Each structure stands twice: as C-alpha cells, then as structure tokens.
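Remarks on the structure that follows.
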Amino acid sequence: MAEIKRTQPLARDAMAYVLAGGRGSRLKELTDRRAKPAVYFGGKTRIIDFALSNALNSGIRRLGVATQYKA
20 MAEIKRTQPL ARDAMAYVLA GGRGSRLKEL TDRRAKPAVY FGGKTRIIDF ALSNALNSGI
80 RRLGVATQYK A
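Each residue of the sequence shown is one higher than the one before, counting from 20 in the numbering used here.
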C-alpha cells in the first residue's frame, strides 16, 4: 500500500472559500437570533465547523469565509 503524504502540494497552495450566507428560512426558530453558519449542531459544533474541519483535514490552510445574511 502506498504511503499517503501528510500535506499534498496542491493542498498547500490551495485556498478554500466557505460560502456562509443565506437566511436559513427552513431552519425557522434556529435562525431567529443567529446566522445559519453559527447555528449549533448537536449542541457542540456549529454548522460552519464541518466545512472548516474538512478543509483543514484535507491540508488546506488558507481559508476565506464569504458572509452575507446577518454578517
């Protein structure tokens, strides 16, 4: 089995943008006081944490977050 490198060259040079906008109208009461990306999921993490964690675990270290609603 081939050995997997910790950070691949493409990931080191890449930049990820997380689109964190939107009203979250289908989430009703959860988005009355906060934007959809800031809503807690399972009481521990926020919705945006999944995208950020996936990027970091893929070796991407440069991140941008595009906010719109309630920014």
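From the three backbone atoms N, C-alpha and C, an ideal C-beta is built for every residue, glycine too.
Just so you know, these numbers come straight off a predicted model, no measurement behind them.
Confirm, please, whether the CB-CB distance from LEU46 to VAL58 is below 8 Å.
yes
From the DSSP secondary-structure annotation, give me the bridge partner or partners of VAL84.
VAL37
In three-state terms, what does DSSP make of ARG52?
coil
Using only the alpha-carbon positions, how far apart do ILE67 and ASP32 sit?
22 Å
May I ask which residues mark the beginning and end of the alpha helix (DSSP H) holding ALA74?
66-76
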